[in-house]
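Undergrad: Mind looking over this structure? Questions follow.
Residue numbers (our numbering): 59 to 260.
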């Protein structure tokens with residue numbers, strides 16, 4: 059393996075507080091359900107390998123609210139694992155992100171570990187569209203068979219990466235970790251419960 063590409067949210071970055079604030083603001087809209095009902099429906103869609111927040115908004119006829127990047131934080135041990143991986147592999151990002159990804163990674167102290175950053179805000183293409191994966195592989199000058207995709211979402215990270223010929227590591231963190239790989243035609247190559255577990259496999 060030459061390259062390890064990674065998602066950011068719920069893979070490297072703990073977004074629990076961000077989600078909490080977004081849900082709180084979402085539920086201030088007229089005709090919003092209770093918090094428990096909203097979260098229950100989000101969890102249901104997550105188990106169906108779908109975009110939980112987007113699907114739940116649609117179900118209740120609500121509008122998307124602001125994402126609070128200021129509450130992002132690294133999962134414990136992420137910095138140390140990236141430091142180790144960077145010694146043996148080229149590291150890249152393939153992520154659906156709002157503008158300013160490089161600055162936020164710098165603020166988190168991990169920008170220097172990544173040789174390539176490809177995000178939806180800059181490329182005008184979003185996962186699971188294979189276009190954003192192709193862009194990253196082309197810029198890395200790396201065949202798909204020589205790269206891993208590491209992420210928490212089966213629908214956004216794992217399924218498209220398999221389609222394009224990448225190896226895959228599913229990190230069962232955050233809402234995406236509620237998904238089911240049993241229904242996939244092809245399973246992830248590696249399944250881990252925490253990003254830090256990756257050092258036991260590669």
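Where is the CB? At the ideal position from N, CA and C, for every residue including glycine.
What separation, rounded to the nearest whole angstrom, lies between the Cα atoms of residue 235 and residue 92?
TA: 23 Å
Undergrad: My parser needs the alpha helix (DSSP H) runs of 4 or more residues fully inside the region 163–203; what are they?
TA: 178–181 and 188–198
Undergrad: Please state whether the Cβ-Cβ distance between residue 175 and residue 65 is less than 8 Å.
TA: no
Undergrad: Whole angstroms is fine: what's the gap from residue 186's alpha carbon to residue 194's?
TA: Between residue 186 and residue 194, the C-alpha separation is close to 13 Å.
Undergrad: Does DSSP classify residue 206 as helix, strand or coil?
TA: strand
Undergrad: Checking 8 Å against the spacing of the C-beta atoms, do residue 60 and residue 205 come in under that value?
TA: Their beta carbons are under 8 Å apart, which means residue 60 touches residue 205 by this criterion.
Undergrad: Please state whether DSSP places residue 66 in a helix, a strand or coil.
TA: coil
Undergrad: Indicate the three-state DSSP secondary structure (helix, strand or coil) for residue 153 in the structure shown.
TA: strand
Undergrad: In chain order, what are the residue ranges of uninterrupted beta strand (DSSP E) at least 3 long that sit wholly in the region 109–157?
TA: 148–153
Undergrad: Which residue marks the beginning of the alpha helix (DSSP H) containing residue 220, and which one marks its end?
TA: 217–222
Undergrad: Could you have a look at residue 245 and say whether DSSP puts it in helix, strand or coil?
TA: In the structure shown, residue 245 sits in coil (DSSP, three-state: anything other than H, G, I, E or B).
Undergrad: Would you say residue 32 and residue 83 are within 8 Å of each other, going by their C-beta atoms?
TA: Nothing can be reported for residue 32: it is not among the residues displayed for the chain, which extend from 59 to 260.
Undergrad: How big is the Cα-Cα spacing for residue 131 and residue 161?
TA: 14 Å
Undergrad: From the DSSP output, which residues share a beta bridge with residue 77?
TA: In DSSP, residue 77 forms no bridge with anything.
Undergrad: Check the C-beta distance from residue 203 over to residue 223 and give it rounded, since I have them as a contact under 8 Å.
TA: 6 Å
Undergrad: Straight-line CA distance for residue 211 to residue 102?
TA: Cα-Cα distance, rounded: 14 Å.
Undergrad: Thinking just about the alpha-carbon of each residue, which of 159, 253, 227 and 259 is nearest to the one in residue 247?
TA: 227
Undergrad: Residue range of the beta strand (DSSP E) that residue 230 falls in?
TA: Unbroken run through residue 230: none, as it is neither H nor E.
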